[in-house]
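Have a look at the structure below, then the notes.
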Amino acid sequence: STQEQPPQICVVGSGPAGFYTAQHLLKHHPRAHVDIYEKQLVPFGLVRFGVAPDHPEVKTARSDRCAFRGNVAVGRDVAVSELRAAYHAVVLSYGAEDHQALEIPGEELPGVFSARAFVGWYNGLPENRELAPDLSCDTAVILGQGNVALDVARILLTPPEHLEKTDITEAALGVLRQSRVKTVWIVGRRGPLQVAFTIKELREMIQLPGTRPILDPADFLGLQDTIKEVPRPRKRLTELLLRTATEKPGVEEAARQALASRTWGLRFFRSPQRVLPSPDGRRVAGVRLAVTRLEGVGEAARAAPTGDTEDLPCGLVLSSVGYKSRPIDPSVPFDPKLGVIPNMEGRVIDVPGLYCSGWVKRGPTGVIATTMTDSFLTGQMLLQDLKAGLLPSGPRPGSAAIEALLSSRGVRPVSFSDWEKLDAEEVSRGKGAGKPREKLLDPQEMLRLLGR
Ligand code: FAD
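When you line the sequence shown up against my numbering, it's residues 1280 to 1731, in that order.
Okay, structure coming up:
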């Protein structure tokens, strides 16, 4: 039985979901062995490549309590069925790596980027290192009103000298230093009661040095009464929006705002209809927005077009309407509509021994703390099943079998100690500039540094 040999478990993906699931398994089963397979050369998923460089306080999901195998793309280098044959249980924690397309004409024009790619670029995601966004325009439009939209707006408007001591890439910092962007519009289909960002991120925007918010008081008419009935976090958020839109700033704040050279604004009740090209058709020159009104109330209210449109001129469009998971392997069920692996509390439906956690389990919303809770729950379900004898019995070869397969395919995984070498190199490159690290961007260079 699995009691004789320590259970061999593998986790796919080394973001917060992968690490927290592994942590739970190791903590609550003293003999369990966990291997984490990761397609990047480096661990930590969106903690490294998503979370904004000026939010370092959440970059702590570090753990070295299990074997890390980077440079292994599951679904390409090794099939999920092969992992299932080698391990007693497999947990899929591979996140949500695609972006939700706008699906409007003009989306492919130069000057239109997904927020996902833009975030990847300033955070040093190897596949986005060539992005080179042109920031020579005066106005940028961000489509979407979630935390990622505010992250991107903040990075565009923060005085570059405030980013110099973060781990933002030197290349991105260089482009931001040359930026001529003065105005950022953050556009949403619905109203102030439906925004998806949280109060911390909004407060940071309102207090951003050198900038001034523009909110239209007309968007807030009648909200004073409605907010009494909404749940507390939403109430506090809406009150802050309402105050910012309608109250006259105090003397000090008014003086600060008078000196501001950059502005940002929330544009409500506007749904993108098409991206408008420049006269020569070579780049973006604006966005045509359909004016909307709400049908229904509260969080579930829908935006319906009124028939009116409005053109918003700009030289940069960042679409931030959500992330999306991909199916990993034909043998794994996938719900294309919800963009998740169908599961019951982390147990993949109809596939014993297969589990999921994080964004691929719940969909691409929620902070690291939410991801942690749901990953612990998946870990708990797996250990329950193990105890109840529901996982395959008999010994499993674990990593030995997979190493052999990978080696026969010319794939050479990197280990956690390899990462520690890259980490030390990054930290040492950042030192001169007073940065916590200067990220390595080129996988070839990383492999060279590891003597490959
Ligand atoms: P991920 O972090 O995406 O990890 C998935 C991992 O799987 C990645 O390492 C990926 O390379 C790997 N992978 C993918 N496919 C394969 C494959 N085929 N084989 C092997 N490995 C694979 N939360 C906060 O609490 N604070 C913040 O400030 C914050 N900022 C954010 C900013 C942005 C732009 C985004 C997008 C999210 C932010 N979040 C923040 C949310 C947080 O990042 C997520 O809750 C969390 O990262 C989700 O964890 P995950 O492990 O499911 O996914």
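Note that the Cβ used here is the ideal one computed from N, Cα and C, for glycine as well.
Do residue i and ligand 1 come close, with the Cβ less than 7 Å from some heavy atom?
i, result
"H1334", "yes"
"S1372", "yes"
"T1437", "no"
"N1426", "yes"
"V1353", "yes"
"L1719", "no"
"I1681", "no"
"E1317", "yes"
"T1650", "yes"
"Y1602", "yes"
"L1304", "no"
"I1434", "no"
"W1464", "no"
"G1618", "no"
"W1638", "yes"
DSSP three-state label for residue i, please.
i, result
"Y1373", "coil"
"Y1366", "coil"
"K1603", "strand"
"V1427", "helix"
"V1576", "coil"
"H1378", "strand"
"G1297", "helix"
"P1612", "coil"
"Q1287", "strand"
"P1384", "coil"
"D1343", "With a pLDDT of 48 at D1343, under the threshold of 50, the modelled position of this residue cannot be trusted; read the value that follows with caution. If DSSP states are grouped into helix, strand and coil, D1343 belongs with coil."
"N1407", "helix"
"D1504", "helix"
"F1499", "helix"
"S1550", "strand"
"R1708", "helix"
"V1337", "Below a pLDDT of 50, predicted positions are generally treated as unreliable, and V1337, at 43, falls in that range; the measurement from the model is reported next regardless. It is helical."
"V1646", "coil"
Roughly how many angstroms lie between the CA atoms of residue i and residue j, to the nearest whole one?
i, j, result
"S1672", "A1364", "12 Å"
"F1298", "G1374", "12 Å"
"L1545", "I1465", "5 Å"
"T1517", "Q1663", "42 Å"
"P1309", "S1686", "30 Å"
"P1384", "L1320", "36 Å"
"E1386", "H1303", "42 Å"
"V1337", "G1586", "With a pLDDT of only 43 at V1337, under 50, the local geometry of the prediction cannot be trusted, and no value is derived from it."
"M1623", "A1296", "16 Å"
"M1728", "E1531", "Note on identity: in this sequence residue 1728 is Leu, with Met being the wrong assignment. Whole-angstrom Cα-Cα distance: 52 Å."
"G1501", "P1592", "30 Å"
"R1549", "G1354", "39 Å"
"L1573", "L1555", "25 Å"
"E1406", "E1526", "45 Å"
"G1677", "E1717", "35 Å"
"E1699", "V1460", "38 Å"
"R1327", "A1683", "30 Å"
"I1315", "R1691", "15 Å"
In the DSSP output, what is residue i paired with across the bridge?
i, result
"G1565", "L1555, P1592"
"A1419", "V1463, L1595"
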